[in-house]
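Here is the structure we will look at.
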Amino acid sequence: MMRSYLIFLLTRPAIGITEWVDELHRVPLYAILSGFEPGDVPGIGTFYDFFERLWNSDQSNKKSKLKQKIKRKKKKKKKYKKGEKAPLKKPGVVKRLVDRFLKYGSDKKDLSTDLLFDLFQSQFLSVSANLGLLGDLESLSIAGDGTPFETQRFPRSKSTCDCFSKGITKCNHPRIYSQPDCNSGWDSSREKYYNGYHLYMLSACDSYYDLPLYPSLNPASRHDSISLLITLRDFSQRYNLSPVERILLDAAHDAKAIYEILDANDIEAFIDLNPRTKHNFSTDCDISISNEDIPICSKGLPMKKNGFEEAKNRRKWRCPLVKGKRNSCENPCSIAAYGRTFHTLPKNDLRIFTKTPRSSDQWNHIYKRRTSVERSNKREKVDYHLEAGRHRSTKMHSIRLYCIMMCQHIDAWYSHLKGNFNLKEIIFG
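The numbering of the sequence shown is our numbering, which starts it at 249 and goes up by one.
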């Protein structure tokens with residue numbers, strides 16, 4: 249059954265299961281490749297019975313279908329600029345979540361997708377790793393990014409009461425929603441709001457074929473930074489093929505708390521600075537730090553380099569208006585004849601003073617691979633028609649997503665090994 253479903257995604261991903269069963273009857277080659285005898289293929293229900301065995305839960309969704317009626321706000325939703333993502337609804341939530349993780353940790357919990365990932369890791373990720381398609385397993389580099397996953401135009405629900413028959417058109421009784429795990433979010437690329445999921449994907453960024461590693465389906469309104477914390481936690485508890493050395497993220501993840509939790513897990517962060525915060529970064533005194541990692545004195549002047557202390561692993565800076573023991577500043581901020589000094593440490597601000605210097609060629613060379621996760625998401629959504637599933641449950645959307653990821657790895661195997669194939673020998677023995 250799995251082979252047939254993968255062939256379906258590789259050949260006719262835009263149709264549904266019902267149409268695929270018709271194709272198995274109509275095209276004997278599809279039946280033979282699926283391992284069935286032509287004319288004796290399983291029915292539609294058999295496919296869905298098989299899908300039940302891939303899902304590690306009795307419920308098809310994470311949340312109950314029965315919930316309070318969604319109240320539509322009369323206030324017009326704010327639209328953002330082209331490419332601009334919606335900000336966090338609750339400022340500080342990332343820091344609170346990270347502080348909780350660092351203080352209490354996070355126990356591994358069973359997920360509905362565990363069977364799918366176990367199959368994916370043992371039969372696909374491990375093969376790609378052995379072929380060298382995931383990059384250097386001694387120091388694996390991954391990239392993370394979120395993408396809109398539209399499943400419906402509007403939230404669909406039906407009533408649980410008979411208020412309408414009594415002439416009551418507006419009531420507050422709970423309703424049954426067909427997709428309780430979905431809600432409304434902003435699509436920055438299409439410049440519109442949509443209903444569905446926020447798909448967060450981790451991929452092997454050093455992979456020549458942009459291969460996916462781990463997905464997570466979140467509500468559409470969830471911010472990238474929150475999705476990263478949840479996805480990375482689940483991934484680190486389940487992925488066992490190699491250690492992760494670095495992660496590449498876009499400016500939506502530019503939060504000090506993100507750097508802290510990555511540093512606590514020995515993962516080097518490569519994150520672009522958010523354009524909203526590309527200014528002089530404040531410290532606990534009257535000296536600030538510029539975007540070029542240079543201290544700015546109280547007069548607004550960049551301080552002068554004054555050597556590096558190897559023993560203390562820190563850089564020393566000196567007043568820009570001092571030359572020798574002569575200070576030309578009219579109102580010096582220090583009474584010392586040497587002038588005002590300041591030290592910067594790599595561990596002072598993980599966001600600014602990164603392990604690999606942010607402005608270096610090495611940093612830029614590594615970071616340019618971040619777009620690999622965007623190409624991986626494009627493969628799933630455009631090439632394999634992820635949004636064409638027309639499903640109504642997280643279970644079916646997750647199964648389709650994981651199987652599409654399997655197809656991506658199969659494509660990579662073929663491209664990597666096709667030079668060694670001898671079709672005559674394979675066909676005629």
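Backbone N, C-alpha and C fix where the C-beta goes; we use that ideal spot for every residue, glycine too. If you're wondering where the values come from, they're calculated on a predicted model, not measured in any experiment.
> Comparing alpha-carbon positions, which option in 251, 304 and 267 lies nearest residue 363?
Replying inline: 304
>> With distance defined between alpha-carbon atoms, name the residue in 654, 667 and 471 nearest to residue 342.
In response: 471
>> Looking at residue 372: is its Cβ nearer than 7 angstroms to the Cβ of residue 654?
In response: yes
>> Measuring straight from C-alpha to C-alpha, what distance separates residue 557 and residue 591?
In response: 10 angstroms
> Which full runs of the beta strand (DSSP E) of 3+ residues lie inside the stretch 453 to 481, going along the chain?
Replying inline: 460 to 467
> Between residue 494 and residue 389, which are expected to be in contact by the criterion C-beta below 8 angstroms, what is the C-beta distance as a whole number of angstroms?
Replying inline: 5 angstroms
> Which residue's Cα is closest to the Cα of residue 382: 616, 352, 456 and 507?
Replying inline: 456
> To the nearest angstrom, how far is it from the Cα of residue 670 to the Cα of residue 649?
Replying inline: 32 angstroms
>> When you compare the CB positions of residue 502 and residue 478, do they come within less than 7 angstroms of one another, or not?
In response: no
>> Short of 6 angstroms in beta carbon distance, which residues of its chain neighbour residue 588, apart from the five on each side in sequence? Order them along the chain.
In response: Here the set comprises 567, 581 and 582.
>> Between which residues of its own chain and residue 647 is the CB-CB distance below 6 angstroms, once the five residues before and five after are set aside?
In response: Correct list, in chain order: 299 and 302.
> Exposed or buried, which one is residue 440 when buried takes at least 16 other CB atoms within 10 Å?
Replying inline: exposed
> For residue 402, which residues from the same chain have a beta carbon less than 7 angstroms from its beta carbon, with the 5 sequence-adjacent residues on both sides left out?
Replying inline: 443
> Relative to the C-alpha of residue 431, which residue among 404, 652 and 541 is closest?
Replying inline: 404
>> Less than 7 angstroms between the beta carbons of residue 407 and residue 423, yes or no?
In response: yes
> How would you call residue 450, buried or exposed, if buried means at least 16 neighbouring beta carbons within 10 angstroms?
Replying inline: buried
>> Can you find the residues in the same chain that come closer than 8 angstroms, C-beta to C-beta, to residue 267, ignoring five residues on each side of it along the sequence?
In response: 260
>> Taking the straight line between their C-alpha atoms, what separation do you get for residue 552 and residue 544?
In response: 10 angstroms
> Based on the DSSP secondary-structure assignment, which residues constitute the bridge partners of residue 443?
Replying inline: 400 and 432
>> Checking 7 angstroms against the spacing of the C-beta atoms, do residue 623 and residue 458 come in under that value?
In response: yes
> residue 495 lies in the beta strand (DSSP E); which residues open and close that run?
Replying inline: 492 to 497
>> What does the alpha-carbon distance come out to for the pair residue 263 and residue 636?
In response: Distance between the alpha carbons of residue 263 and residue 636: 8 angstroms.
>> Assuming contact is defined by CB atoms lying nearer than 7 angstroms, are residue 391 and residue 476 in contact in what I supplied?
In response: no
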